[in-house]
Each structure stands twice: as C-alpha cells, then as structure tokens.
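Take a look at the structure set out below.
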Amino acid sequence: MTYDRSHVVLSVRDLSVNYLARRGRVRAVSNVSFDLHAGETLALIGESGCGKSTLNLALIRQLPNTAVTEGAGILYTYRDGRQVDVLKFSDRAMRRFLWSECAMVFQGALNSLNPVLRVSDMVYDTASAHGIGRDEARRRVLKLFEQVRLDAARVFKSYPHELSGGMRQRVLLALSLLLRPQVVIMDEPTTAVDILTQRSILDVLKELRAELNFSVIFISHDLAVAAEIADTVATMYAGEIVEIGPVNDVFYKSRHAYTLSLLNAAPRLSVGREELMSIPGSPPDLIEPPPGCKFHERCAFATDVCRTVPPPLVEYEGGRLAACHETERVLENALETRKAALA
Amino acid sequence: MSAITTQPAQPQPQVDVQTPNVLDFLRRLWRNYYVKVFIQGLITIWAVTTFTFFMIRQMPGSPVEAKIDELMTRQAMTYEEAYRATATLFNFDPDRPLHLQYFDFLSGLVRGDLGDSITKGGVSVTSIILRYLPWTLFCVGMALVISFSLGIVMGLAMGYWRGSWFDNLITTISSIISGIPDYIMALLIILIFGVQLQWFRIGDVRGGVDPNITPGFTFEYIASVFKYALLPMLIYVLSSIGTWTLSMKSSTISTLGEDYITVAKARGLSQRRILTDYVGRNAMLPLVTRLAISVGFVVGGSVIIEEMFQYPGLGRNLYIAISGRDYTTMQGIFLVITAAVVFSNILADLAIGWLDPRVRLGKQEES
Amino acid sequence: MIGFETVASPVGLVIGLICGIVPLAAGIHYRRLRAGIGGFLACTLSGFACGFLGGLPMIALTYAVVLSYAYVNREDPFTSRAALSEVTFEVTRAEQFQRTMANLGKSLRASWKALVRNKAGFLGFLGLAFFAALTIFGPSLIEYEGQAHIERREPGARALVAAPSVEHPLGLDWKGRDVLSHMVHGGQRLIITSVEAGVIATLIAVTLGSAAGLLGGVVDQILSTIANFILTIPAFPLLLVLAAVVDFDSDFMLAVLFAVLNWPTLMRAVRAQVLSLRERDYVEAAVALDLGLWHIISREVFPNMVSYIAINLIFTVRIAMYSIVGLVFLGLVPLREPDWAVMIFTGRQQGVLFLPQAAGMLLSPIVAIALFQLSLVLFSRSLEEIFNPRLRSGL
Chain Y
3 MTYDRSHVVL
13 SVRDLSVNYL
23 ARRGRVRAVS
33 NVSFDLHAGE
43 TLALIGESGC
53 GKSTLNLALI
63 RQLPNTAVTE
73 GAGILYTYRD
83 GRQVDVLKFS
93 DRAMRRFLWS
103 ECAMVFQGAL
113 NSLNPVLRVS
123 DMVYDTASAH
133 GIGRDEARRR
143 VLKLFEQVRL
153 DAARVFKSYP
163 HELSGGMRQR
173 VLLALSLLLR
183 PQVVIMDEPT
193 TAVDILTQRS
203 ILDVLKELRA
213 ELNFSVIFIS
223 HDLAVAAEIA
233 DTVATMYAGE
243 IVEIGPVNDV
253 FYKSRHAYTL
263 SLLNAAPRLS
273 VGREELMSIP
283 GSPPDLIEPP
293 PGCKFHERCA
303 FATDVCRTVP
313 PPLVEYEGGR
323 LAACHETERV
333 LENALETRKA
343 ALA
Chain F
575 MSAITTQPAQ
585 PQPQVDVQTP
595 NVLDFLRRLW
605 RNYYVKVFIQ
615 GLITIWAVTT
625 FTFFMIRQMP
635 GSPVEAKIDE
645 LMTRQAMTYE
655 EAYRATATLF
665 NFDPDRPLHL
675 QYFDFLSGLV
685 RGDLGDSITK
695 GGVSVTSIIL
705 RYLPWTLFCV
715 GMALVISFSL
725 GIVMGLAMGY
735 WRGSWFDNLI
745 TTISSIISGI
755 PDYIMALLII
765 LIFGVQLQWF
775 RIGDVRGGVD
785 PNITPGFTFE
795 YIASVFKYAL
805 LPMLIYVLSS
815 IGTWTLSMKS
825 STISTLGEDY
835 ITVAKARGLS
845 QRRILTDYVG
855 RNAMLPLVTR
865 LAISVGFVVG
875 GSVIIEEMFQ
885 YPGLGRNLYI
895 AISGRDYTTM
905 QGIFLVITAA
915 VVFSNILADL
925 AIGWLDPRVR
935 LGKQEES
Chain Z
4 MIGFETVASP
14 VGLVIGLICG
24 IVPLAAGIHY
34 RRLRAGIGGF
44 LACTLSGFAC
54 GFLGGLPMIA
64 LTYAVVLSYA
74 YVNREDPFTS
84 RAALSEVTFE
94 VTRAEQFQRT
104 MANLGKSLRA
114 SWKALVRNKA
124 GFLGFLGLAF
134 FAALTIFGPS
144 LIEYEGQAHI
154 ERREPGARAL
164 VAAPSVEHPL
174 GLDWKGRDVL
184 SHMVHGGQRL
194 IITSVEAGVI
204 ATLIAVTLGS
214 AAGLLGGVVD
224 QILSTIANFI
234 LTIPAFPLLL
244 VLAAVVDFDS
254 DFMLAVLFAV
264 LNWPTLMRAV
274 RAQVLSLRER
284 DYVEAAVALD
294 LGLWHIISRE
304 VFPNMVSYIA
314 INLIFTVRIA
324 MYSIVGLVFL
334 GLVPLREPDW
344 AVMIFTGRQQ
354 GVLFLPQAAG
364 MLLSPIVAIA
374 LFQLSLVLFS
384 RSLEEIFNPR
394 LRSGL
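Chains as they are written, first to last, in the working numbering: chain Y, 3 to 345; chain F, 575 to 941; chain Z, 4 to 398.
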C-alpha cells in the first residue's frame with residue numbers, strides 16, 4: 003500500500019492514561035506519540051493487557067471515569083486543513099467529531115449492536131445524531147452493505163440476532179464508514195470470527211480502503227493479519243510504544259527484543275521445522291513497573307544497563323524508532339532468523 | 575419456558591393433512607404454543623381450585639353450626655328444626671356429601687355460576703366479586719403502575735449517574751423502605767401523621783368513598799374515590815418502589831457494561847437517546863417479566879391493608895369470608911386470584927416476546 | 004430447641020465461665036492474651052445466653068481464632084522455616100486437627116473483617132445483636148407485668164393507656180401494664196418462630212432443589228410440578244385458611260406451616276443453580292470420579308451456593324415474620340401474651356389506635372418490628388462479601 007506521507011491526519015503527542023485503583027495509579031499507557039498519515043494503516047501489536055485497547059479508547063475519549071488522560075495533544079486535521087486538539091473538545095463538539103471524523107469497529111461484534119433495535123434503527127440513529135437525513139443515510143448504507151457483500155435489503159431490516167457473526171462484523175464495518183470518516187479504529191475486528199470470514203472481511207476492508215481512502219488504526223495480536231493489512235507497525239509493551247516503523251522493516255529487521263520475541267512466538271506457514279518460543283513470564287505490574295527497561299525481566303538479551311536505565315526511543319534509518327539498549331544484537335539475531343527461514 | 579427459543583421460529587413441520595381426523599386436529603392444536611399454554615393454565619386453575627375447595631371445608635366450625643346453635647338457644651328449636659331452618663336460610667345443605675358438593679360446584683363453574691354466598695342470603699358470589707374487584711383493581715393497579723414507572727426512571731438515573739448524591743440518597747431510602755412491611759408502614763403513617771401530627775383525620779380515609787356522596791359520574795364522587803384511595807395507594811407504592819428502584823439500578827449498571835453502549839457513545843449519539851433506547855430499553859427487560867407477574871397479585875390486593883382501611887376491595891372480602899366461613903365466597907375469590915396469577919404468567923411470556931426480539935415464542939414445542 | 008428458649012440464667016453464666024476457660028488457657032499458652040480474653044468473654048456471653056447450646060460451639064470457634072494467630076503450618080513450604088528436607092509429610096491426628104482449627108479461625112477472622120468493612124452490613128449486624136441482647140438478657144433485668152394495674156389510672160383519664168414517663172419509659176398499655184416489660188419479653192417468641200420458619204423452609208428448598216437438580220427425570224418433574232402448583236396459590240390468603248385448619252398447639256407448627264407454603268421460590272432457584280453447576284467442569288469431574296451424591300452436594304455444589312442460600316434464608320425469615328405478624332394482626336391465630344404482634348392487635352382492637360397517648364404502646368412494637376426487618380435487610384447485604392472468598396481476600 004502506498005499513502006501520502008506529507009499529510010498527517012492524526013498526530014498523538016505524549017499521551018498517557020492512568021487508572022486510579024485502590025492500590026495506586028495504573029499506568030496503562032505512558033507517553034505514547036505517533037503520526038497517522040492519510041490513507042495509512044497502522045497496526046498496533048502486543049500481548050493482551052499491553053494498553054492497545056486503552057490507547058484507542060483514549061483517542062476517542064471513551065474511557066471510564068476512573069481513567070485520567072493526560073498529554074500534549076491529539077491533533078486532528080480535517081479535510082479542509084483545519085487542525086484541532088481532540089483533548090480540548092467540549093462534550094458536544096466531541097460527539098459531533100465522533101464517527102463523522104473518527105469511527106471505530108469494536109472487537110466482539112456479537113455485543114456491539116443493540117439487541118432490541120433493528121439495524122436500520124441504528125443507522126438512522128447515527129445519521130440523525132450527525133444531521134444526515136433518513137433517505138440519504140439509507141442510500142449510503144445500502145451501498146456500503148453491498149460493498150461489504152451483504153444482502154443489503156434484508157440485513158437493513160434485520161435484528162442483530164438474526165445475523166451471523168461475520169455478517170454482524172461487516173455491518174459494523176459498513177456502519178463505521180457511514181459518515182465517511184478519515185480515521186477508522188479497528189479493535190481486533192477479526193478475532194471472534196472463523197478463518198474464512200476473517201479472509202473475506204480483510205478483502206472487503208482492503209477494497210474499501212482503496213476506494214474511500216481512509217486511515218486505519220488496526221489493533222491485533224494476530225501478527226499475520228497485521229502483516230497483511232498494515233503499512234506501519236507499532237509494538238506496544240506495558241503501555242509504551244517500544245518500536246514503530248514500516249511493516250517489513252519491523253517484521254524482518256526487528257530492533258526491539260520484544261518485537262523479536264513476539265515474532266518468534268507466532269507460528270509461520272513458511273517455516274516448518276522451526277520451534278515456537280513463547281515469551282517467559284507475564285507482563286509487568288503497571289502500578290510499580292520494574293526499573294530500567296520494562297521488558298528486562300523476560301528478555302533474553304538483557305544486560306545490566308537494561309536493568310537500571312530506561313532505554314530512550316531512538317530513530318534509525320527508514321523512519322524507524324525503537325527503544326532498546328541491545329538493538330544491534332537484536333537486529334543481528336533477527337537477520338539470522340530470517341536467513342535461516344529462507345534457507 | 576421451554577418453548578421460548580432464541581432462534582428464529584422454524585416452519586411448522588407438515589402434519590399429514592390428507593386424512594384429517596379428530597385426533598390429528600387435537601394433536602395439531604396441542605402443538606400450538608398459545609393453545610398449549612392456555613390449556614395448561616386451565617388445568618392449573620382447576621387443580622388449585624380443587625385443592626382450595628377441600629381445604630376450606632376442613633376449617634373448623636361452619637356458618638351452619640354457628641347458626642344452629644343460635645336458633646336452638648334463642649328460639650328453643652329442636653336440633654332437627656334448627657337444622658332445616660338453617661339449611662333453607664343459608665341455601666346450603668351440610669348433609670350433602672362432600673364429593674357431591676364438589677360436583678355441584680364444578681358443574682356450576684362450567685356454566686359460569688359460582689353459586690350464592692352462604693352468609694349473605696341470596697347474593698351471588700359473582701355479584702360480590704364484580705362489585706368489589708374494581709376497587710382493588712383501581713387502588714392496587716394504580717399503585718403498581720406508579721411505583722413501577724417511578725422505580726424504572728429513578729433506577730435508570732441512579733445506575734447511569736452511579737455514585738452521585740442522588741444515587742446514594744435514593745439507594746439508602748430505598749433500602750430502608752423496602753425493608754419495612756406494608757402494614758407496619760401503614761400503622762406508622764397513621765400514628766405519626768394522623769394521630770400525632772393530625773395532618774388528616776383517620777375517620778376520613780376509612781372505606782372506599784364518602785358514603786354521603788351519591789354515586790355517579792360526577793367530579794365530587796370521583797374526587798372522593800381518589801381521596802379515599804390515596805393513603806392505601808401511597809402505602810402500596812412506598813412498600814414496593816424500593817425493590818423496583820434497586821432492581822432497575824442493578825440492571826442498568828450491568829447493561830452499561832455492554833459493548834453496544836460504548837459503541838453507541840462512540841457513534842456520537844445524544845445522551846438522551848442512549849439513555850432511553852440503548853440503556854433503558856435493555857435494562858427494563860428483566861423487570862417487565864416481574865411486572866407482568868405482579869399484575870396477577872393485584873387482584874388479591876392486600877388483605878391486611880384493605881382490612882386496616884376498611885377498603886371495599888376483594889382482599890377485605892376474602893378476610894370477611896374466611897372469618898365467617900363463607901365457603902362459596904372464599905372459593906370464588908380464590909378462583910379469581912388464581913386465574914389472575916396464571917394468566918399474568920402467560921402475559922409475562924407474551925410481553926417479553928414482544929419487547930425482546932431475541933426471544934420468540936415458538937409456534938410449536940421445540941424437540 | 005432447648006436452650007434457645009431459655010432466657011439468660013445464672014446456670015448459663017456458670018456454664019459460660021467454664022467454657023471460657025478453654026480459649027483463655029489457649030490464649031495464655033500461645034501468648035496471645037488479647038485473643039484469649041476476647042474468647043473468654045465471647046464464651047461467657049454465649050453460655051450465659053443459651054447455656055450449653057451457646058457455650059460449647061463457642062469454645063470451638065474462639066479456640067480456632069486464638070489458634071489461627073499462633074499456628075504455623077509446617078506442611079506448607081512457604082511458611083515453614085525448616086529446610087525442605089526436615090519437613091515431615093506424615094500427618095498426625097493432632098496436627099491435622101490443629102490445622103483444620105487454624106483454617107477455621109482464619110476464615111472466621113476474614114469474615115469478621117469483611118463484615119466490619121461493609122458499613123451498612125455492620126449496622127445491620129449491630130441491629131441484630133441489639134435484638135438478640137434485648138430478648139435474651141432483657142428478661143432477666145426487667146420483670147414481666149402480666150396483671151392489669153387499674154390503680155395506675157390518672158385522675159380524670161378515660162383510659163389506662165398512658166404516654167411515656169420517667170417511671171415507665173415507653174408508657175402504659177391498655178391494661179395499665181408497663182410497655183417496656185412487654186417489649187423485652189414479647190420479642191423472643193416472634194423472632195424464634197420466624198427464624199425457625201425460615202430455616203425449615205430453606206432446608207426443604209435446598210434438599211428438594213438439589214434432589215430435583217441432581218436426580219432429574221421423574222423426581223425433577225414431580226417436584227417442579229408441586230413447586231409450580233404452590234406458587235400459583237396466593238400464599239398469604241392460603242395461609243389464612245390453613246391457619247384455621249391447623250390447630251396451633253405450638254409455635255413450631257406455625258413455623259412448619261409457613262415453611263410448607265414458602266419453599267418453592269428458593270427450591271426453583273436452587274434447582275436452576277444445581278443444573279448450571281452440574282455443567283461446570285469440577286462437578287463433572289466429581290461425577291466422573293464417582294464420588295457419590297452426598298459428596299457432590301456437600302463439597303462441590305453447596306459451597307458455591309452458600310451465600311445465595313444465606314441471603315435467601317434471611318429473606319424468608321423476613322417474609323415469615325411478615326406473615327406471622329399479619330396473622331396475629333388479623334386475629335386469626337391464638338393470641339398469647341407477651342408478644343409484639345399481639346400488642347399491635349390489642350391496641351387496634353381496644354380502639355386506642357387513635358389516642359395520642361397510646362403512641363408509646365403502639366409505636367414500640369411497630370418500630371421494633373420495622374427495625375428488626377431493616378437490620379435483616381442490611382445484614383444480608385454484607386453476606387455476599389462474607390461468604391465469597393474472592394471478595395473476602397482483598398483485605
């Protein structure tokens with residue numbers, strides 16, 4: 003995929019999210035920064051509980067009251083070039099912004115649709131909240147339903163429970179594009195469906211993206227899916243982005259030990275004999291994170307420096323960033339693994 | 575509830591229609607969910623009625639014995655004379671074997687005749703029921719509607735703004751009043767506001783309506799009906815609203831955790847829309863079943879509260895019938911209450927099927 | 004029910020003091036003097052209240068608590084200071100007993116902490132403790148006045164009933180008797196009968212519910228049909244009828260009658276719970292291991308439902324008290340003094356309801372019943388936390 007590198011749609015600066023728990027502050031997301039360009043697909047990968055979903059809910063300000071969001075800004079650029087800070091929106095302005103500029107496809111399509119309303123009601127609801135007439139909404143959504151290969155007329159009149167999981171996921175996808183947003187956040191849209199449905203949803207997504215040219219933030223712990231759909235990949239660990247860069251660079255020339263571990267833990271079709279290596283231990287306590295690099299306790303490359311000094315995010319060639327003290331050794335290892343795999 | 579399915583209704587399997595006969599027809603009728611439920615309801619009513627029929631005749635003492643005693647001592651009749659006189663007076667033959675009495679009752683029931691009251695000579699039980707039922711329906715029914723709707727609205731608000739001062743206040747009050755029995759609350763209100771503070775005169779609120787006003791469709795009469803029903807109604811509302819409120823609150827809280835609420839917020843819907851169509855409608859579902867079931871208990875009213883306020887409802891008449899051993903009246907009122915309970919259960923099924931598209935009443939039993 | 008129905012007696016006090024020696028000695032032995040003294044007091048109090056029935060179980064409980072402070076589980080490698088090679092895995096009887104007791108004591112302490120933490124629940128607990136103290140220790144402090152006192156009539160007053168005064172803090176009733184003495188003596192029977200009714204109903208419900216859920220088939224069908232049948236009959240009116248049919252020689256019969264009419268709701272819930280539990284892996288595992296029905300009920304199913312059953316028990320006790328007071332209120336059961344409900348009934352019957360000076364006589368039992376019910380409601384709130392180890396552990 004190619005995208006316009008000059009036009010940044012969403013620019014996240016130093017975003018942190020803390021949950022207030024009885025034991026103390028849970029630093030679910032800390033100092034995350036990234037840029038999302040027009041037409042770009044950014045995949046966020048990482049284990050469960052690494053802060054991916056919190057980060058995304060923070061972007062659309064849908065976190066519960068126990069969460070405190072801080073940051074230098076979430077800068078959003080409209081199509082006409084105006085720039086705003088999402089964090090400074092009033093509730094009313096936020097409601098207008100949501101879905102018309104930034105929509106979201108949640109994980110678990112099963113529960114994302116109100117069981118007592120018809121699909122049509124939910125379409126009309128969304129449209130009228132953003133000042134679009136019923137006829138226009140109907141026309142748009144029927145077209146979108148066809149584009150996601152649904153039986154448009156029937157689905158439109160259905161209740162959610164009358165649709166299969168894959169159909170519901172496609173309804174959500176179509177619904178997210180109803181107001182032609184520039185950014186669509188997708189939180190594990192393919193986890194709850196079978197492999198064939200996953201395939202067709204990814205195909206549909208690629209077609210729509212090519213036609214409507216929106217940017218996507220794609221959350222997944224399925225690395226294969228991420229590799230297929232993403233332009234850029236960001237690895238998250240313990241609430242931080244530890245590595246970010248073009249998809250092929252990150253996957254084949256990993257510079258962070260955690261990214262490499264993730265890749266080694268994922269099964270690959272191309273390699274038959276290779277042993278899968280799970281990552282020992284579990285994600286760190288986010289209330290009292292370990293000193294130094296948060297990953298050092300589980301890291302095969304860890305040295306004394308890693309145990310005391312937090313690694314800074316360093317820029318490398320090709321627009322890549324990584325926060326690892328042992329980046330050279332990791333890279334070497336990654337290249338060797340790749341060579342062995344190709345051989 | 576075995577016939578409630580979460581799948582779309584399946585087409586009815588084709589029964590052989592070439593050779594229609596009575597058995598076949600009955601079988602197909604039985605397969606129809608509504609017919610089946612209706613017939614099951616009738617059987618339940620019959621069973622309960624039979625049970626109560628024999629049970630109330632086990633009660634020690636009978637109106638006849640009391641009357642015979644009275645006639646023998648006052649008018650110096652012989653036992654035989656008093657016996658016959660009482661039998662004609664009461665329209666009730668205590669000599670008739672119990673099973674024959676039962677068959678008399680059943681055959682009357684089939685014809686829609688509940689017989690005559692034993693203690694009130696010549697008054698039919700049906701007319702007693704028809705006369706007193708509307709009072710109970712009005713008073714308890716209104717109270718139920720008020721406490722349910724208020725409870726729903728408050729519970730929704732409390733769940734949505736959980737932890738606010740409003741939530742804490744109403745939760746505390748609800749817990750307290752839901753723990754106090756209704757007649758205890760009635761006594762407290764009478765004693766504190768009636769006797770001590772003298773906000774109202776208790777004599778003014780005993781009965782169903784001011785006896786000095788001629789019945790009719792006049793403002794005065796209706797106002798009086800409302801005035802007399804106010805206190806019992808208030809007590810019914812107070813004693814039931816806490817439970818509705820707290821149930822709705824917990825239902826709302828669990829609904830708020832659903833994904834579709836987050837999605838609705840992310841779609842930029844207005845708060846009002848989310849509160850009504852997304853949170854409210856879903857949170858209400860479990861309560862609607864309970865509402866429909868409580869409708870069945872409206873008819874029985876509250877024996878104690880009606881007796882306390884001398885309210886001319888069915889509950890008070892049941893009490894009078896029990897103390898006077900008026901078998902037929904007791905029997906009739908029990909029948910009405912049982913029927914109400916049975917049919918409100920069916921109503922609950924229908925209501926939930928209508929409100930929740932996921933629950934569809936199958937046209938036939940699922941295998 | 005011997006023991007519970009006796010009020011505090013000197014013999015009970017002696018029993019309590021003797022019982023108290025055990026935890027006290029344990030406290031001294033383990034150098035946990037505070038726990039020992041606490042156990043001594045608890046034993047004395049409960050022995051004083053209920054004789055052997057209160058004293059003996061309390062020995063076990065307090066001893067367990069004292070022990071739990073001092074006991075070190077040598078079998079547990081995490082707490083044992085000895086090297087692993089020195090740990091013996093042979094369990095002597097005494098050690099087994101000690102460990103069981105220490106575990107019991109630990110969970111008692113955790114329950115107590117959970118109870119204290121929940122403010123509303125603790126308030127309810129204090130309320131119940133107050134009523135227990137009132138009905139058990141009150142009678143030995145305040146003498147019961149059963150005879151009418153006509154001489155107490157105020158000059159010029161039309162009725163004997165009188166408002167509270169210094170001499171009679173809650174006033175006089177319609178026969179000129181001290182209301183306070185009736186309050187103190189009149190609660191015990193009502194409370195005990197209600198609790199009996201609740202316990203019997205719960206026992207029936209749990210037994211039949213587990214049977215229906217576990218055995219299934221014909222048993223399930225028959226029991227469910229009976230339950231549905233009883234549920235259809237309006238409960239309170241039927242109780243009115245049956246109250247006349249059944250001859251009440253004892254309050255126990257009334258409790259049984261109530262229980263017979265009020266088990267179906269809980270029975271259906273237990274049945275549903277058992278059915279859903281039966282699907283769980285650990286129960287299936289127990290079935291597969293052929294551990295026997297009783298084992299499955301007592302070890303696998305019951306612990307998972309205990310908080311639910313306890314909350315329901317309290318609910319049933321409330322309904323029982325509601326029904327019993329209602330029956331008395333309508334005058335449909337034999338009236339026996341002293342009794343809170345009878346106080347309300349006679350107050351109404353004697354027409355003193357509308358006399359302002361009768362407030363003391365009428366409000367006392369009314370407020371007492373309302374407060375008792377309220378305490379039950381509040382207490383049931385904290386039961387969930389007490390019985391659920393997952394909620395309890397976050398101390």
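Built from N, CA and C at the ideal position, the CB exists for glycine as well.
Values in this document were obtained by computation on a predicted structure and should not be read as measured data.
- Do Thr-947 (chain F) and Met-732 (chain F) have their C-beta atoms within less than 8 Å of each other? In the structure as shown, chain F begins at 575 and stops at 941. Residue 947 (chain F) is therefore absent and cannot be evaluated.
- Query: Using a Cβ-Cβ distance under 8 Å, would Phe-36 (chain Y) count as near chain F?
  - Reply: Not closer than 8 Å to any Cβ of chain F, the Cβ of Phe-36 (chain Y) fails to qualify, so no.
- Within chain Z, partners of Glu-794 (chain F) - CB distance below 9 Å: Result: empty, since nearest Cβ-Cβ is about 27 Å, beyond 9 Å.
- Item | Interface positions of the region 848-878 of chain F facing chain Y (Cβ-Cβ less than 8 Å), listed along the chain | Those residues of the region 848-878 of chain F that come within reach of chain Y (Cβ to Cβ, closer than 8 Å) are Asp-851, Tyr-852, Arg-855, Asn-856, Leu-859.
- Task: Give me whichever residues DSSP pairs with Val-31 (chain Y) in a beta bridge.
- Result: For Val-31 (chain Y), which the question treats as bridged, DSSP gives the partners Y:Val-19.
- Task: Along the beta strand (DSSP E) that carries Leu-126 (chain Z), what are the first and last residues, could you check?
- Result: Not the beta strand (DSSP E): Leu-126 (chain Z) falls in the alpha helix (DSSP H), residues 122-144.
- Message: Assuming Gly-190 (chain Z) and Leu-137 (chain Z) are in contact, meaning their beta carbons sit under 8 Å apart, how far apart are those beta carbons, in whole angstroms?
- Response: At roughly 6 Å, the Cβ-Cβ gap stays under 8 Å, so Gly-190 (chain Z) and Leu-137 (chain Z) are in contact.
- Query: In three-state terms, what does DSSP make of Val-150 (chain Y)?
  - Reply: If DSSP states are grouped into helix, strand and coil, Val-150 (chain Y) belongs with coil.
- Message: Rounding to the nearest angstrom, what Cα-Cα distance links Phe-722 (chain F) and Ser-814 (chain F) in this structure?
- Response: For Phe-722 (chain F) and Ser-814 (chain F), the distance between alpha carbons rounds to 8 Å.
- Query: Unbroken alpha helix (DSSP H) runs of length 4 or more, entirely within the region 742-799 of chain F: which are they?
  - Reply: Qualifying alpha helix (DSSP H) stretches, in chain order: 756-763.
- Near His-171 (chain Z), what residues of its chain come up, given a Cβ to Cβ distance below 6 Å and the 5 sequence neighbours on each side ignored? Same-chain partners within the cutoff: Asp-181.
- Straight-line gap, Leu-181 (chain Y) to His-9 (chain Y) (C-alpha atoms, nearest Å): Taken atom to atom, the span from the alpha-carbon of Leu-181 (chain Y) to that of His-9 (chain Y) is near 21 Å.
- Helix, strand or coil: which one does DSSP assign to Ala-85 (chain Z)? At Ala-85 (chain Z) the pLDDT is 49, less than 50, meaning the model places this residue with poor confidence; the figure from the coordinates comes in the next sentence. Reduced to three states, the DSSP call for Ala-85 (chain Z) is coil.
- Closest to Val-244 (chain Z) by CA distance: which of F:Glu-639, F:Thr-626, F:Asp-598 is it? Ranking F:Glu-639, F:Thr-626, F:Asp-598 by Cα distance to Val-244 (chain Z) puts F:Thr-626 first.
- What residues from the region 151-183 of chain Y come within 7 Å of chain F, judged by C-beta to C-beta, listed N to C? Residues Tyr-161, His-163, Glu-164.
- For Gln-85 (chain Y), three-class secondary structure by DSSP: Secondary structure of Gln-85 (chain Y) (DSSP, three-state): strand.
- Starting from the beta carbon of Glu-881 (chain F), find every residue of chain Y whose beta carbon is closer than 7 Å, and list them in chain order. By Cβ distance, chain Y contributes nothing, its closest Cβ being about 43 Å from Glu-881 (chain F), past 7 Å.
- Task: Rounded to whole angstroms, what's the CA-CA distance from Ile-776 (chain F) to Val-769 (chain F)? Just pull it up for me.
- Result: So the two alpha carbons sit approximately 8 Å from each other.
- Query: Does any CB atom of chain Y fall closer than 8 Å to the CB of Ser-844 (chain F)?
  - Reply: Put simply, the CB of Ser-844 (chain F) is near chain Y, with a gap under 8 Å to one of its CB atoms.
- State the start and end residues of the unbroken beta strand (DSSP E) segment that holds Leu-323 (chain Y). Its beta strand (DSSP E) spans residues 322-324.
- Look up Thr-79 (chain Y) in the DSSP assignment and give the residues it is bridged to. The beta-bridge partner set that DSSP reports for Thr-79 (chain Y) consists of Y:Gln-85.
- Kindly list, in the order they appear in chain F, the residues whose Cβ is closer than 7 Å to that of His-132 (chain Y). Here the neighbours are Gly-842.
- Contact set between the region 742-771 of chain F and chain Z, restricted to residues whose Cβ is under 9 Å from the partner: Against chain Z - using a Cβ distance shorter than 9 Å - the residues of the region 742-771 of chain F are Thr-746, Ser-749, Ile-750, Ser-752, Gly-753, Ile-754, Pro-755, Asp-756, Tyr-757, Ile-758, Met-759, Leu-761, Leu-762, Ile-764, Leu-765, Ile-766, Gly-768, Val-769, Gln-770.
- Along chain Z, in chain order, which residues have C-beta atoms closer than 8 Å to that of Tyr-893 (chain F)? For the C-beta of Tyr-893 (chain F), the chain Z residues within less than 8 Å are, from N- to C-terminus, Leu-243, Leu-333.
- Does the distance from the CB of Ala-840 (chain F) to the CB of Ile-134 (chain Y) come in under 8 Å? Their beta carbons are not under 8 Å apart, which means Ala-840 (chain F) does not touch Ile-134 (chain Y) by this criterion.
- Since Ala-313 (chain Z) and Leu-260 (chain Z) are thought to touch, with beta carbons under 8 Å apart, how far apart are those beta carbons, to the nearest angstrom? Contact flag wrong, Cβ pair sits at about 23 Å.
- Message: Here's the rule: buried if 16 or more other CB atoms are within 10 angstroms of the residue's CB, otherwise exposed. What is Met-169 (chain Y)?
- Response: That one is buried.
- Message: As a quick exercise: from Y:Arg-24, Y:Leu-12, Y:Phe-36, Y:Leu-174, pick the residue whose alpha carbon is nearest that of Thr-237 (chain Y).
- Response: When only C-alpha atoms are compared, the closest one is Y:Phe-36.
- Task: Could you tell me the boundaries of the beta strand (DSSP E) in which Thr-234 (chain Y) lies?
- Result: Counting along the chain, the beta strand (DSSP E) containing Thr-234 (chain Y) begins and ends at 234-239.
- Taking Thr-305 (chain Y) as part of the alpha helix (DSSP H), name the residues at either end of that continuous run. Looking at the DSSP string, Thr-305 (chain Y) is not in any alpha helix (DSSP H), and its letter there is neither H nor E.
- Message: Taking its Cβ as the centre, do 16 or more other Cβ atoms sit within 10 Å of Met-256 (chain Z), making it buried, or is it exposed?
- Response: Exposed, because fewer than 16 other Cβ atoms sit within 10 Å of the Cβ of Met-256 (chain Z).
- For Val-248 (chain Z) and chain F, any beta-carbon pair shorter than 8 Å? Interface residue, yes.
- Message: Between which two residues does the beta strand (DSSP E) holding Gly-247 (chain Y) run?
- Response: For Gly-247 (chain Y), the enclosing beta strand (DSSP E) has its first and last residue at 242-248.
- Using DSSP with H/G/I as helix, E/B as strand and the rest coil, what is Ser-698 (chain F)? DSSP places Ser-698 (chain F) in strand when its eight states are reduced to three.
- Task: Taking Asp-833 (chain F) as part of the alpha helix (DSSP H), name the residues at either end of that continuous run.
- Result: It spans 833-840 - the alpha helix (DSSP H) in which Asp-833 (chain F) sits, taken as one unbroken run.
- Contacts of Ser-92 (chain Y) in chain F (Cβ-Cβ under 9 Å): Correct list: empty, because the minimum Cβ distance to chain F is about 13 Å.
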